[in-house]
Amino acid sequence: QVTLKESGPGILQPSQTLSLTCSFSGFSLSTYGMCVGWIRQSSGKGLEWLANIWWNDDKYYNPSLKNRLTISKDTSNNQAFLKITNMDTADTATYYCARRAPGQGYFDYWGQGVMVTVSS
Amino acid sequence: IQLTQSPSLLSASVGDRVTLSCKGSQNINNYLAWYQQKLGEAPKLLIYNTNSLQTGIPSRFSGSGSGTDYTLTISSLQPEDVATYFCYQYNNGLTFGSGTKLEIK
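Protein chains in written order, with our numbering: chain A, 3 to 122; chain B, 2 to 106.
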């Protein structure tokens with residue numbers, strides 16, 4: 003059974019760096035073809051894909067946010083991470099991690115999401 | 002690729018046949034999925050590759066389309082189908098539509 007769960011700080015101040023963790027089970031990010039992505043959802047911009055990390059450590063970022071994003075993984079502990087620098091109130095959103103269906107472009111399993119509020 | 006969903010809000014009666022639209026700014030080559038999101042929950046995959054039904058999804062849901070125009074159809078609307086539906090393309094970049102909110106009349 004595939005499950006994912008996000009964790010994060012909940013609230014942070016403008017200009018701070020957001021660090022998110024995705025803990026998953028039911029698959030391994032060391033398996034050929036596996037990929038985990040991060041997606042966020044805000045009332046202003048809807049659903050927005052942020053970044054993907056693959057089993058071979060290839061990384062892909064949303065071009066509009068690329069200079070602020072860093073995705074990484076810890077295969078031995080079944081975790082993926084996302085850092086976003088220089089957070090702004092516009093980054094207030096629910097952040098999801100999701101598994102990309104093996105060999106496919108769509109996300110088949112999603113975490114429950116973690117709400118992140120940026121406020122001074 | 003930008004995705005435009007219509008209508009943004011749809012009100013229909015139980016038992017109705019419901020059609021939701023998703024139009025791409027470029028050819029999507031059938032690399033389109035549909036997600037259902039109920040209030041307070043994560044998106045749930047319904048349809049992938051335009052018309053393939055995800056395991057466990059009721060057969061009243063179906064997808065169709067080609068090129069830039071795609072459709073999600075619910076053949077007989079049920080009360081539990083109240084949700085927002087998003088399309089998502091993975092042909093060129095990864096983008097989501099803005100959603101159609103489906104209500105029961």
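For glycine and all other residues, C-beta sits at the position ideal for the given N, C-alpha and C.
No experiment lies behind these values; they were computed from the predicted model shown.
CA-CA distance, F87(B) to Q43(A), rounds to 12 Å. When DSSP reads this structure, S63(B) sits in a beta bridge with T74(B). In the structure shown, the three-state DSSP call for R102(A) is strand. Under a 10 Å Cβ-count criterion, R101(A) is classified as buried, with 16 or more other Cβ atoms of the shown protein chains found around its own Cβ. Residue environment for Q90(B): buried (at least 16 other C-beta atoms within 10 angstroms of its C-beta). According to DSSP, residue pairing for D76(A) in a beta bridge involves Q81(A). Distance from the CA atom of E8(A) to the CA atom of C24(A), rounded to whole angstroms, is 4 Å. V120(A) is the residue among G105(A), T77(A), V120(A), D76(A) whose C-alpha sits nearest the C-alpha of N88(A). The C-beta of T20(B) has fewer than 16 other C-beta atoms within 10 Å across all chains shown, which makes the residue exposed. Cβ proximity to chain A below 9 Å picks out F87, Y89, Q90, Y91, N92, G94, L95, T96, F97, G98, S99 from the stretch 87-99 of chain B. The beta carbon of F109(A) falls within 8 Å of a beta carbon belonging to chain B, placing the residue at that interface. Non-local beta-carbon contacts of Y71(B) in its own chain, meaning distances under 6 Å to residues more than five positions away in sequence, involve C23, L33 in chain order.
The three-state secondary structure of D93(A), taken from DSSP, is helix. Taking C-beta separations shorter than 6 Å and ignoring five residues to either side along the sequence, the partners of N92(B) in its chain run I29, N30, Y32, following chain order.
For A43(B), there is no enclosing beta strand (DSSP E), as DSSP marks it with neither H nor E.
A distance below 8 Å separates the beta carbons of I86(A) and T19(A).
Contacts between L49(A) and chain B, judged by CB atoms closer than 9 Å, involve Y36, Q38, P44, F87, Y89, T96, F97, G98, S99, G100 in chain order. Note on geometry: alpha-carbon atoms of R61(B) and F29(A) lie some 30 Å from one another. About 5 Å separates the Cβ atoms of L73(B) and W35(B), confirming a contact at the 8 Å cut-off.
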